[in-house]
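Going by numbering that gives the first Met the number 0, the residue at position 28 of the sequence shown is 27; the numbering climbs one at a time, nothing skipped. Beta carbons: idealized from backbone N, C-alpha and C, even for Gly. Reading through the structure tokens given below for one structure.
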Amino acid sequence: MKKSTFVFILFCLLSLSCFAQKKITLKIASVAPARSAWETEQKALAAEWSRITNGQVVLQFYNTIALGGEDGVVQKMRPLRPGQPAPLDGAIFTNIGAYELAPESNILTLAMPFLFKNQEEVDLVLEALSSEISDAMKVQGFELLGWFNVGWANFYTKKEIRTPEELKKIKLSVGGVTSSELGKAFQRAGYMTEDVPNDKILQSIKSANGVQGLYTIPMYAYASQYHKSLNYVLNTAICPVLANFVVSEASWNKIPNQYKDDLLAAVKQSEEKFIGFQQKTDKEYLSLMEKEGLHIVNLTEKEIAVFQETLKTDALLMSESKTETIINYEMYQKISAILKKHREK
């Protein structure tokens with residue numbers, strides 16, 4: 000073999016090797032609070048993806064608030080011009096962000112107050128509806144890789160609230176400007192809501208004429224310091240807050256198929272870890288806020304039953320609108336049927 004031929008073949012082999020090992024960096028926006036257990040688990044997932052792919056796939060996380068909130072992230076997950084790559088490859092959204100990305104997923108129906116009683120029920124419904132929600136994401140050009148239950152939301156208020164009637168007399172923030180439709184859904188059920196940008200909520204609740212209540216997970220309430228102005232919390236879980244790990248189809252297709260099953264398995268393991276420490280972290284953050292002056296309102300069984308029945312009725316009112324479909328009636332009925340059958344066992 001001529002030396003020049005050998006050099007050419009060697010060059011081709013080296014080039015192919017370099018091409019095969021080319022790094023794939025996925026830019027992922029996330030709603031995880033800084034320095035939280037959630038952020039720590041994201042880093043662990045990134046490390047696991049790197050290990051599985053021998054360093055070929057790199058997850059880089061960016062703070063959603065710094066990118067203009069979930070609405071801004073949705074815009075950045077789509078190409079600015081035809082033929083150009085999108086600025087972001089994916090995101091870890093709340094259900095509000097996931098709904099903005101793919102309204103046909105009807106995913107906000109999962110956030111209805113008092114729809115679920117425990118994690119077992121959440122898992123049951125997700126197993127039944129995941130394909131339906133994933134298909135809606137695919138139509139928009141995105142892959143739903145997994146779900147993370149990052150906590151159960153509670154109502155935080157400026158004054159003690161013990162009944163739904165009292166809750167309906169105060170001004171609530173439920174969807175912000177990102178999803179004003181959610182606020183309208185609550186209004187149909189008799190609640191007073193105000194659309195406030197996420198980065199302005201703290202300012203609003205500090206104001207005498209601003210928001211007087213909201214519902215969120217303890218981790219968020221503590222990280223955002225909401226409890227300093229909203230001094231009361233209903234010690235009753237309202238709904239699970241589900242984070243959705245979504246990447247664009249174009250970005251997912253860049254990853255060699257040989258790794259995908261293991262990458263999805265790593266996401267599944269991460270989901271299970273979240274479930275494992277979620278209850279612990281909820282209690283820890285509530286305890287921290289209580290030490291800083293938060294008053295925990297423990298309802299009686301009778302008061303809890305009133306809340307559950309009232310909000311169940313309210314949920315139907317929210318879902319029956321002919322003009323706004325943010326809470327999907329058919330999906331709500333489907334979930335209710337699944338849970339009814341499960342609870343009768």
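Boundaries of the alpha helix (DSSP H) in which Gln202 is found, first to last residue: Ile200 to Lys205
Just the C-alpha distance for Ala46 and Tyr98, rounded to the nearest angstrom, thanks. 29 Å
Let me confirm a value: Asn105 is counted as buried when at least 16 other C-beta atoms fall within 10 Å, else exposed. Which label applies? buried
Give me the residue from Lys227, Phe185, Ile27 and Gln278 with the minimum Cα distance to Lys205. Lys227
Which stretch, first to last residue, makes up the alpha helix (DSSP H) that contains Glu145? Correcting the residue type first, residue 145 is Gly in the shown sequence and not Glu. Run containing Gly145: none in the alpha helix (DSSP H); it sits in the beta strand (DSSP E), Phe141 to Thr156.
Could you tell me whether the Cβ atoms of Gly209 and Phe154 are closer together than 8 Å? No.
Are at least three pairs of beta-carbons, each pair with one atom in the segment 305 to 314 and one in the segment 56 to 76, less than 8 Å apart? no
Reference Tyr219, options Ser250, Asp134, Gln277 and Ile337, closest by Cα: Residue Gln277 is the option with its Cα nearest to Tyr219.
Pair within 8 Å by beta-carbon distance, Ala85 and Ser223: no
For the putative contact between Gly89 and Ser318, defined by C-beta atoms under 8 Å, what is the C-beta separation to the nearest angstrom? With a Cβ gap of about 29 Å, Gly89 and Ser318 do not count as contacting.
Boundaries (first-last residue) of the beta strand (DSSP E) holding Gly71: Run containing Gly71: none in the beta strand (DSSP E); it sits in the alpha helix (DSSP H), Gly68 to Lys75.
Taking the continuous alpha helix (DSSP H) assigned at Pro217, which residues delimit it? Pro217 to Ala222
For Asn105, three-class secondary structure by DSSP: coil
Alpha-carbon spacing of Thr108 relative to Lys21, whole angstroms: 41 Å
Alpha carbon to alpha carbon, how far is Leu171 from Asn94? Give it in angstroms, no decimals. 18 Å
Assigned secondary structure, Glu270 (DSSP; H/G/I helix, E/B strand, else coil): Glu270 falls in the helix class under three-state DSSP.
Leaving aside the five residues before and after Ile325 along the sequence, list all residues of the same chain whose C-beta is less than 6 Å from its C-beta, in chain order. Leu107, Glu180, Leu181 and Ala184
Near Ala265, which residues of its chain fall below 7 Å by C-beta distance, leaving aside the five closest residues on each side in sequence? Leu44, Glu47, Trp48 and Ile51
Identify whether Pro375 lies in helix, strand or coil by the three-state DSSP scheme. Because the chain is modelled from 0 through 344, residue 375 falls outside the range shown and cannot be assessed.
Alpha carbon to alpha carbon, how far is Leu114 from Met76? Give it in angstroms, no decimals. Distance between the alpha carbons of Met76 and Leu114 is about 31 Å.
For Val124 and Ile337, believed in contact at Cβ under 8 Å, the rounded distance: Yes, Ile337 and Val124 are in contact; Cβ-Cβ is about 6 Å, under 8 Å.
When we look at the beta-carbon of Leu128 and count the other beta-carbons within 10 Å, is it buried (16 or more) or exposed? It counts as buried.
Let's see if you can read the secondary structure: which residues bound the alpha helix (DSSP H) around Lys168? First-last for Lys168: undefined, no H or E at that position.
Which residues in the same chain have their Cβ closer than 7 Å to the Cβ of Met330, if we skip the five residues on either side of it in sequence? Asn105 and Thr108
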